[in-house]
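Notes follow once the structure below has been shown.
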Amino acid sequence: MTVHIRPALDSLPAYAPGRTVPGAIKLASNELSFPTLPAISAAIMEALTGDTNGINRYPDNSAQQLVAALAEHVGVDKSHVIAGCGSVALCQQLVQATCSEGDQVMFGWRSFEAYPIVTQIAGAISQKIPVTSAHTLDLPAMAAAVTPATRLIYICTPNNPTGTVVHRQELTEFLDAVPENVLVVIDEAYGEFDTDPESPDGVQEATHRANVLSLRTLSKAYGLAGLRVGYAVGDPAVITALGKVAIPFAVNTLAQKAALAALAARDELKPRWQQVISERIRVTAALREFGFETPTSQANFVWLPLRERSAEFAAHTEANKVIVRPFQDATGGVRISIGSPAENDAFLEAAKSFAL
Numbered sequence: 007m008t009v010h011i012r013p014a015l016d017s018l019p020a021y022a023p024g025r026t027v028p029g030a031i032k033l034a035s036n037e038l039s040f041p042t043l044p045a046i047s048a049a050i051m052e053a054l055t056g057d058t059n060g061i062n063r064y065p066d067n068s069a070q071q072l073v074a075a076l077a078e079h080v081g082v083d084k085s086h087v088i089a090g091c092g093s094v095a096l097c098q099q100l101v102q103a104t105c106s107e108g109d110q111v112m113f114g115w116r117s118f119e120a121y122p123i124v125t126q127i128a129g130a131i132s133q134k135i136p137v138t139s140a141h142t143l144d145l146p147a148m149a150a151a152v153t154p155a156t157r158l159i160y161i162c163t164p165n166n167p168t169g170t171v172v173h174r175q176e177l178t179e180f181l182d183a184v185p186e187n188v189l190v191v192i193d194e195a196y197g198e199f200d201t202d203p204e205s206p207d208g209v210q211e212a213t214h215r216a217n218v219l220s221l222r223t224l225s226k227a228y229g230l231a232g233l234r235v236g237y238a239v240g241d242p243a244v245i246t247a248l249g250k251v252a253i254p255f256a257v258n259t260l261a262q263k264a265a266l267a268a269l270a271a272r273d274e275l276k277p278r279w280q281q282v283i284s285e286r287i288r289v290t291a292a293l294r295e296f297g298f299e300t301p302t303s304q305a306n307f308v309w310l311p312l313r314e315r316s317a318e319f320a321a322h323t324e325a326n327k328v329i330v331r332p333f334q335d336a337t338g339g340v341r342i343s344i345g346s347p348a349e350n351d352a353f354l355e356a357a358k359s360f361a362l
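Here this note's numbering is used: the first residue of the sequence shown is 7, the next is one more, and so on.
Pasting the structure below:
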């Protein structure tokens with residue numbers, strides 16, 4: 007006899023992280039190419055070598071100091087904030103907190119590939135609403151698709167992997183149309199790279215509507231991908247529910263200390279974000295000159311909707327020592343992270359030699 011495993015796991019899609027290949031440039035995981043700031047390294051070393059509250063002790067389970075700093079950072083009371091082990095862990099907590107088996111979770115498609123995974127793990131059902139021909143989330147279609155079983159909606163803006171954004175007015179119209187008992191999560195993982203003046207502020211929406219939550223992370227712009235720190239801002243009742251389904255001690259000691267240092271070093275990090283934005287504009291212009299369809303991205307990556315040729319393009323860049331992230335299905339394409347200028351130059355050389 008074998009151990010019984012839930013049959014639902016047989017069809018569970020596996021999360022596919024960006025690959026690392028020795029000797030190749032990795033532009034597959036939307037990481038920043040900059041080294042860790044000295045202040046962040048110092049905070050980590052202090053946690054390792056300090057006489058009290060070191061890694062021989064459990065971390066603060068509720069991350070109170072970090073939550074207070076995050077609340078001050080976004081301008082809300084700390085009762086509206088929770089920290090988690092990256093925003094993806096909070097995505098799973100959100101499904102667990104809102105859905106029973108058979109309930110529905112809605113999101114655009116293509117969007118963040120973890121959404122259908124965390125939905126299925128909880129026994130809920132994915133409602134995938136196709137993006138528009140311009141690779142943007144189709145909010146009117148999403149609003150029209152809400153059913154009595156819809157419990158949770160993810161709005162990823164800038165959207166991963168297309169990089170496109172929703173605008174303030176269309177989001178307002180969408181939120182007005184969604185029933186108040188449905189939680190709408192505005193996933194702003196890449197918000198620091200968004201320069202579109204019409205983009206909404208998820209925190210502002212979350213402080214004015216009890217059924218809206220802003221989801222953010224320190225993995226991308228703050229360079230803490232290896233330590234996993236995300237946070238959510240929303241109504242205290244929702245925040246309390248998220249805490250109830252959280253894994254104990256999910257945000258470890260080093261992550262909490264590094265996050266505090268990163269938040270304090272925001273002014274040092276801003277020039278890095280600006281370089282990413284400038285490089286994104288340069289890479290987009292070059293790709294369009296080469297003949298690629300390239301939607302305007304407001305994230306730290308660009309999207310090539312190559313569909314059935316996605317794997318071919320990824321193999322071509324890998325042969326040229328650049329690793330990108332292909333999505334190989336009918337809605338597929340290739341996502342390319344914005345790296346250093348030299349890394350981007352290497353990618354562009356590879357892309358230029360690809361036969362369209």
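Just so you know, even glycine gets a beta-carbon here, dropped at the ideal spot from N, CA and C.
Given the structure is predicted, the values throughout are model-derived calculations rather than measurements.
Check	Outcome
Would you list, in sequence order, the uninterrupted alpha helix (DSSP H) runs of no fewer than 4 residues that lie entirely inside the region 198-264?	208-214 and 242-250
Using a Cβ-Cβ cutoff of less than 7 Å, which residues in the same chain neighbour A252 once the five nearest sequence positions on both sides are dropped?	G90 and Q99
Return the residue from the list A348, R315 and A356 that minimises the CA-CA distance to V443.	The question about residue 443 has no answer here: the residues shown for the chain are numbered 7 through 362.
Taking contact to mean at least 3 C-beta pairs separated by less than 8 Å, is the region 267-282 in contact with the region 61-70?	no
Starting from A348 and walking both ways along the alpha helix (DSSP H), at which residues does that stretch end?	P347 to K358
Nearest-angstrom Cα distance between F360 and I287?	21 Å
With distances taken Cα to Cα, identify the nearest neighbour of T223 among T26, P206 and Y196.	Y196
Are A128 and V152 close, meaning C-beta to C-beta below 8 Å?	no
Are at least three pairs of beta-carbons, each pair with one atom in the region 37-53 and one in the region 235-245, less than 8 Å apart?	no
Would you kindly work out how many angstroms separate the C-alpha atoms of L293 and I342, rounded to a whole number?	11 Å
For F319, name the three-state secondary structure that DSSP assigns.	helix
For Q126, which of V191, Q110, K263 and D193 has the nearest alpha-carbon?	Q110
Just the Cα atoms here: how many angstroms apart are G232 and K226?	10 Å
From K358 to T323, what distance separates their C-alpha atoms?	10 Å
For G29, which option in P347, A325, L354 and Q334 has the closest C-alpha, if you only look at C-alpha atoms?	A325
Let's test the definition: count the other Cβ atoms within 10 Å of the Cβ of N5 and tell me whether it reaches 16, buried, or not, exposed.	A query on residue 5 cannot be resolved here, the shown segment of the chain reaching from 7 to 362 and no further.
So, are the CB atoms of I159 and V172 less than 8 Å apart?	no
Drop a sphere of 10 angstroms on the beta-carbon of P164, count the other beta-carbons inside from all chains shown, and report buried for 16 or more, exposed for fewer.	buried
Nearest by alpha-carbon distance to G249: which of A103, F319, V94 and G114 is it?	A103
Using the C-alpha atoms, what's the distance from K84 back to Q71?	10 Å
Apply the 10 Å Cβ neighbour rule to M112 and answer buried if 16 or more other Cβ atoms are within range, or exposed otherwise.	buried
For A120 and C97, which I take to be in contact (beta-carbon distance under 8 Å), what is that distance rounded to the nearest angstrom?	6 Å
Near E107, which residues of its chain fall below 6 Å by C-beta distance, leaving aside the five closest residues on each side in sequence?	G129
Reducing DSSP to helix, strand and coil, say where A89 ends up.	strand
Please name the residue in F199, A352 and V124 whose C-alpha comes closest to that of V328.	A352
Whole-angstrom Cβ separation of P19 and P136, contact assumed at under 8 Å?	Not confirmed; about 18 Å, so no contact.
Which value, in whole angstroms, describes the spacing of the CA atoms of A149 and K263?	41 Å
Output the distance between the C-alpha atoms of P167 and S132, rounded to the nearest integer angstrom.	18 Å
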